[in-house]
Amino acid sequence: MKKLGLLTLALLLGLAVQAQHETLFNNARVVGGFGAPIIEMGLGNDMTTAVGGGGGVVIDNFFIGGYGVGSIDFERLIEDDDIQEIELGHGGFWLGYTLAPHRVLHLYTSARLGWGAVGIDVSDNSSFPDNTDNVFVVTPEIGLELNVTRWFRVAGTVGYRYVDGISDNSPYKSNAFDGTLANLTFRFGWFGWDRDN
């Protein structure tokens, strides 16, 4: 009886070891990391240029990290002499995917999801108060990335910036900061792909 109990216990332990749970990231491995200057250039609608940066951890063909971007040259929105400057700044999560990243030229796509503010600076003698709207910003993009060296990559993409949270009493329209963008991203780091095939 004792032998049968030990045999059953050994069999159950063997099955438990073999029956490990499969998960979404079961075989995922961190292969590198990077830092990147980001340039967003507005296409059409006289959208402005924004600059910033970000960084992330490379997990196989995916990456996850954070970013921050800001712009202060929204002159086309200024219709009042008291307003000196309109600013947009935002930061948050940066998620991306590269298809066949070991190839010299490959597909690159990412999405930046963040929170920030649109602010109005007025002249000192203005009766108009400074104004700030807290906003949520989503910027998906798709394009091509070029492997310049093992540690440097340049991505050229087209994307769309969507800004939500502009109040109704703001002196500009709620969609004034939305629009199509051309983006340049310069990624410096280690990307982990050392393939001979």
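Numbering-wise, the sequence shown is residues -19 to -1, 1 to 178 according to mature numbering (1 follows the signal peptide of the UniProt record, and there is no 0). For each residue, glycine too, the CB sits at the ideal point set by N, CA and C. What you are looking at is a predicted structure, and each value in this text was computed from that prediction instead of being measured.
Take residue i as the anchor and find which of the options has the nearest alpha-carbon.
| i | options | result |
| --- | --- | --- |
| residue 171 | 130, 74, 146, 124 | 130 |
| residue 120 | 144, 99, 8 | 144 |
| residue 80 | 148, 101, 165, 136 | 136 |
| residue 13 | 40, 52, 21, 22 | 40 |
| residue 85 | 91, 146, 133, 45 | 133 |
| residue 161 | 122, 127, 51, 18 | 122 |
| residue 75 | 96, 66, 83 | 96 |
| residue 101 | 47, 141, 93, 67 | 67 |
| residue 124 | 83, 112, 99, 166 | 166 |
| residue 94 | 82, 117, 88 | 117 |
| residue 114 | 158, 91, 88, 24 | 158 |
| residue 92 | 10, 19, 8 | 19 |
| residue 52 | 142, 155, 138 | 142 |
| residue 42 | 8, 140, 146 | 8 |
For residue i, which three-state DSSP category applies?
| i | result |
| --- | --- |
| residue 155 | coil |
| residue 149 | coil |
| residue 87 | strand |
| residue 81 | coil |
Can you tell me where the beta strand (DSSP E) holding residue i begins and where it ends?
| i | result |
| --- | --- |
| residue 45 | 43 to 52 |
| residue 125 | 112 to 130 |
| residue 24 | Careful: residue 24 lies outside any beta strand (DSSP E) and carries neither H nor E. |
| residue 33 | 30 to 40 |
| residue 163 | 160 to 171 |
Name the one or two DSSP bridge partners that residue i has.
| i | result |
| --- | --- |
| residue 142 | 160 |
| residue 135 | 127, 167 |
| residue 11 | 40 |
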